[in-house]
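Under my numbering, the first residue of the sequence shown is numbered -1, with each subsequent residue one higher. Cβ coordinates follow ideal geometry from the N, Cα and C atoms, glycine included.
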Amino acid sequence: AAKVLYQMNDQLPDDLQLYLEDLENEGIVRLFISEYKPKIKSAIVEYRQRLMNF
C-alpha cells in the first residue's frame, strides 16, 4: 500500500497526501492507512479508472 501511495500521492486529494519524508516512515504509513483506509481505497479505484480511460 505504501508503494501505491507513493506512486499516486500527487493525484490524491490534499487530505490524503503525505509528505515524501512520511512515506519513508513505515509506522506513519501504517497509521495513515488504518485511519483513512476507505478513502484511500476509493481514491485508488478512481485513479485506476482514470488510467484505463487514457
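How would you call residue i, buried or exposed, if buried means at least 16 neighbouring beta carbons within 10 angstroms?
| i | result |
| --- | --- |
| M105 | No answer is possible for residue 105: the residues shown for the chain start at -1 and end at 52. |
| F30 | buried |
| L18 | exposed |
Helix, strand or coil, according to DSSP, for residue i in the structure here?
| i | result |
| --- | --- |
| N7 | helix |
| L16 | coil |
| F52 | coil |
| E24 | helix |
List the whole-angstrom C-beta distance separating residue i from residue j, where the pair is believed to meet the contact cut-off of C-beta under 8 Å.
| i | j | result |
| --- | --- | --- |
| L14 | Y34 | 6 Å |
| L16 | A41 | Contact doesn't hold; Cβ gap of about 12 Å is too wide. |
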